Amino acid sequence: MSDRISVAKTYKLYIGGAFPRSESGRSYPVNDSRGGFLANAAQGSRKDARDAVGAARKAFPGWSGATAYNRGQVLYRVAELLEGRREQFVAEVAASEGTKRGESIVDAAIDRWVWYAGWTDKIASVFGAANPVAGPYFSFTVPEPTGVVAVLAPQASSLLGLVSVVAPIIAAGNTCVVVASQDRPLPAITLSEVLATSDVPGGVVNVLTGRTAEIAPWLAAHADVNALDLTGAPEAIRADLERAAAGTVKRLVRGGRGEPDWAREPDVSRMRAVLESKTVWHPMGV
Amino acid sequence: MSNWEYAPAPESRDIANLKPAYRMFVDGKFVEGSGDPLKTVNPATEEVLAEVSTASPSDVDTAVKAARRAYDRVWSKMPGAERAKYIFRIARLIQERSRELAVLESLDNGKPIKESRDVDVPTAAAHFFYHAGWADKLGYAGYGPDPRPLGVAGQVIPWNFPLMMAAWKIAPALACGNTVVLKPAETTPLTALVLAEICQQAELPPGVVNILPGAGDVGSELVNHAGVDKVAFTGSTEVGKLIQRALAGSGKKMTMELGGKAANIVFDDAPLDQAVEGIVNGIFFNQGHVCCAGSRLLVQESIADELLDKLRHRVSTLRVGDSLDKNTDVGAINSRAQLEKIQELVAAGDAEGAQRWTSPVPVPDKGFFFAPTVFSDVQQSMRIAREEIFGPVLSVLTFRTPDEAVAKANNTPYGLSAGIWTEKGSRILWAAQRMRAGVVWANTFNRFDPTAPFGGYQESGFGREGGRAGLEAYLDV
Chain A
30 MSDRISVAKT
40 YKLYIGGAFP
50 RSESGRSYPV
60 NDSRGGFLAN
70 AAQGSRKDAR
80 DAVGAARKAF
90 PGWSGATAYN
100 RGQVLYRVAE
110 LLEGRREQFV
120 AEVAASEGTK
130 RGESIVDAAI
140 DRWVWYAGWT
150 DKIASVFGAA
160 NPVAGPYFSF
170 TVPEPTGVVA
180 VLAPQASSLL
190 GLVSVVAPII
200 AAGNTCVVVA
210 SQDRPLPAIT
220 LSEVLATSDV
230 PGGVVNVLTG
240 RTAEIAPWLA
250 AHADVNALDL
260 TGAPEAIRAD
270 LERAAAGTVK
280 RLVRGGRGEP
290 DWAREPDVSR
300 MRAVLESKTV
310 WHPMGV
Chain B
30 MSNWEYAPAP
40 ESRDIANLKP
50 AYRMFVDGKF
60 VEGSGDPLKT
70 VNPATEEVLA
80 EVSTASPSDV
90 DTAVKAARRA
100 YDRVWSKMPG
110 AERAKYIFRI
120 ARLIQERSRE
130 LAVLESLDNG
140 KPIKESRDVD
150 VPTAAAHFFY
160 HAGWADKLGY
170 AGYGPDPRPL
180 GVAGQVIPWN
190 FPLMMAAWKI
200 APALACGNTV
210 VLKPAETTPL
220 TALVLAEICQ
230 QAELPPGVVN
240 ILPGAGDVGS
250 ELVNHAGVDK
260 VAFTGSTEVG
270 KLIQRALAGS
280 GKKMTMELGG
290 KAANIVFDDA
300 PLDQAVEGIV
310 NGIFFNQGHV
320 CCAGSRLLVQ
330 ESIADELLDK
340 LRHRVSTLRV
350 GDSLDKNTDV
360 GAINSRAQLE
370 KIQELVAAGD
380 AEGAQRWTSP
390 VPVPDKGFFF
400 APTVFSDVQQ
410 SMRIAREEIF
420 GPVLSVLTFR
430 TPDEAVAKAN
440 NTPYGLSAGI
450 WTEKGSRILW
460 AAQRMRAGVV
470 WANTFNRFDP
480 TAPFGGYQES
490 GFGREGGRAG
500 LEAYLDV
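Sequences listed follow chains A and B, in order. Just remember that the working numbering sits 29 ahead of the position in the first sequence, which is counted from 1. Just remember that the working numbering sits 29 ahead of the position in the second sequence, which is counted from 1.
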């Protein structure tokens, strides 16, 4: 070991492809599982949340309009970069979660990302349909992304849980605003650094750190958010968030009580929750 | 040439088998409800058709418990193939009694007999027929090998397609293995109660389907009942939001089919005569009481005058009047309250400076009627361009470029349906892809089929009805 003084990273927000500090100027200390200081993270505000929604909306036409093949390649590229940062993620997950299983968690997270990357160009075949209507019409149904999704990321699982909620949303063509685990936000910021250097366009994923209970109500009530993923919502405000979401008839991804076992094989339900079905009709005749 | 006077072709109202009183249907029996009875009115004549008993909170409780018993003891345990046969029976019985149902529907709702006869009733039968076949094939629907039902479904439906909406709700719920408590709309309870009779004739086990007439308070009681596992609502966005808010934190699965303000886009290369027929169908079908009605016509500027001339000419030929006359094109507005809402929004259109044209068609003195109306020079900021009128009133806006058409079409918090009129195939697919709406009709409008998923984007609701996608609403997946 040399005596060199290491260069510590400043952890910031990720909005529209850039890394701003919180406009509020606030930060909060992030500790490891034993209470030791790790870093100061930006404490995102209502205005940061609005900026993030704006960035996600702006990115939506491009990302949802990209070909499924293109989205698949872009997402697979993210997995390649995750692999390159493996050691950093292992260290951060270990520090954040106080686990010795950091390596297997990071491996699972990368593999999950690859699983969803492979879904982009299967979604339409699996969820779509040709409808055999009783008349001289050709009718088909295609799945389409629901729009901007606000995600309250899992509080416990700082990387595998995060990947398990974000990857299905963007694989399906949505853009999102993610509120990272309040006490374990560092892997989320590092993931956003990966996204920033990948080919994922700025604004497709926006990451806020801070107090979940402070930021979430603004996202739940925001009229330009189409769906709300409550996976990491504090139990005490869950019903309030659902009430606020009703104001613009948002789709809800409720999750159950407590955090799921993220190590379990995923299924398609998280993609289905952020997909709309569009049915198109045209007459047939000469 | 001599003048041919108009000759009505009335359907006989005796066919409806109208009874003086109807009762609610709980646990396989027709029973007196303990709510205040309501009088259902023929909106075309304002005469009282029948007295209908309504549910009190304790009746709702009784019905939900009956549905729970039927679910636990019978329906959830029954093999899908057996459930299927009950649902097939219901489909057949609707077909057998279709003429009776059509006449009764037109009396109670005010819609023209040709629509209840050719659309509402056949589509209702088709939904039961389609979903019956799913009951023993759910493992192939893409929700895993053995998807489970949710339990008791509380369903609240609107007055615009009373029987058809009941079918859209009940058929998939039963096919997936749920039991049902359904509340028909206050102003149109009759055909749902005949459907209850059909359930009896089909020997459906008691409690599998329960029908509780009443007003909004009964619906509220039902969706909030702790014994209900799933809530399905079709109605206004306003009430949909109230329900979603009320159910916050309850964990109940919800589907919402809410309002709309659909754009019907006519490009300069559209087949104009065909487009005119489609526009008329889009907004005057069912008096415009259609959540997916094409209520905002977007016309490319270069053809706007020609199209509007043709449209006004065609609309002036629509006959307004007796819903039992087979020649009637536009029937009665469903209620006085709805008529007043339409009048209020039309007055707002006048006040905000849109140009109103009203069909010169004769309108009956009695009953709730509104002559087909077309507003031109409509701006996006006007209420008649933003709010759902739910009546025979069309708002016409213009555009210059396809991009502008798409931007205007999507400039709404709703997103239920859209129409596209052009002869150019690539333009259809281009525009269809850009519509933020759940149903897109190209060179046609207002087509419905049980195999084709229906439902909205954004504030038009969530969840789908019909097709494989529609099964998700009633499965624990």
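Every residue gets a Cβ at the ideal spot worked out from N, C-alpha and C, and that includes glycine. None of these values were measured; they are calculated from a predicted model.
Check, Outcome
"contact_flag[the region 193–207 of chain A, the region 138–156 of chain A] where n(CB pairs < 8 Å) is 3 or more", "yes"
"Sub-8 Å separation of E381 of chain B and W197 of chain B beta-carbons", "no"
"Proximity winner among B:F398, B:I119, B:V392, B:V407, relative to P234 of chain B (alpha-carbon distances)", "B:I119"
"Reduced DSSP category for V81 of chain B - H, G, I as helix; E, B as strand; rest coil", "strand"
"Near-chain B residues of the region 232–262 of chain A (beta-carbon distance less than 8 Å), N- to C-terminal order", "A252, N255"
"Local conformation of F157 of chain B per DSSP, three classes", "helix"
"Option in A:S62, A:A68, A:L111, A:P58 with minimal Cα separation from D323 of chain A", "In this structure chain A extends from 30 to 315, so residue 323 of chain A is not present and cannot be described."
"Pairwise C-alpha distance: F118 of chain A and S221 of chain A", "12 Å"
"Min CB distance R470 of chain B to chain A below 8 Å", "As written in the sequence, residue 470 of chain B is Trp, which differs from the Arg given in the question. Answer yes: the Cβ-Cβ gap between W470 of chain B and chain A drops below 8 Å somewhere."
"The region 257–275 of chain B contacting the region 169–182 of chain B, beta-carbon criterion three pairs below 8 Å", "yes"
"Expected contact under 8 Å - CB spacing of E134 of chain B and P191 of chain B to nearest Å", "6 Å"
"Residues bridged to I44 of chain A [DSSP beta-bridge criterion]", "A:A47"
"Whole runs of the beta strand (DSSP E) within the region 135–222 of chain B, excluding any shorter than 3 residues", "181–185, 208–212"
"Proximal residues of chain B, C-beta to C-beta of E305 of chain A below 7 Å", "G467, Y486"
"Limits of the unbroken beta strand (DSSP E) element including R385 of chain B", "384–387"
"Neighbourhood of A214 of chain B by C-beta, 6 Å cutoff - its chain only, sequence neighbours within 5 removed", "P187, W188"
"Neighbourhood of G396 of chain B by C-beta distance below 7 Å, restricted to the same chain and skipping five residues each side", "P72, A73, T74, E75, A361"
"Distance, V403 of chain B Cα to H318 of chain B Cα", "16 Å"
"Enclosing beta strand (DSSP E) for T263 of chain B [first to last residue]", "259–263"
"According to DSSP, residues forming a beta bridge with P246 of chain A", "For P246 of chain A, which the question treats as bridged, DSSP gives no partner whatsoever."
"I308 of chain B vs L326 of chain B beta-carbon contact at 8 Å", "yes"
"Three-state class that DSSP yields for F156 of chain A in the structure shown", "helix"
"Cα-Cα separation, G239 of chain A to P216 of chain A", "14 Å"
"P312 of chain A at chain B interface by Cβ criterion, 8 Å", "yes"
"Bridge partners - F167 of chain A, DSSP secondary structure assignment", "A:H311"
"Exposed unless 16 or more other CB atoms sit within 10 angstroms - verdict on Y145 of chain A", "buried"
"Whole runs of the beta strand (DSSP E) within the region 365–412 of chain B, excluding any shorter than 3 residues", "384–387, 402–405"
"Closer than 8 Å at the beta carbon, the chain B residues around P161 of chain A", "T480"
"Contact with chain A by V309 of chain B, beta-carbon distance below 8 Å", "no"
"Per-residue contacts from A155 of chain B into chain A (C-beta, under 9 Å)", "A163"
"Partners in chain A for V506 of chain B, counting only beta-carbon separations shorter than 7 Å", "S298"
"Boundaries (first-last residue) of the alpha helix (DSSP H) holding T86 of chain B", "The displayed chain sequence assigns Pro, not Thr, to residue 86 of chain B. Its alpha helix (DSSP H) spans residues 86–99."
"contact_flag[the region 141–157 of chain B, the region 344–363 of chain B] where n(CB pairs < 8 Å) is 3 or more", "yes"
"Start-to-end residues for the alpha helix (DSSP H) that takes in M53 of chain B", "Per DSSP, M53 of chain B belongs to no alpha helix (DSSP H); it is in the beta strand (DSSP E), 53–55."
"Proximity test, Cβ basis, 8 Å: S168 of chain A and chain B", "yes"
"Secondary structure of F314 of chain B, DSSP reduced to three states", "helix"
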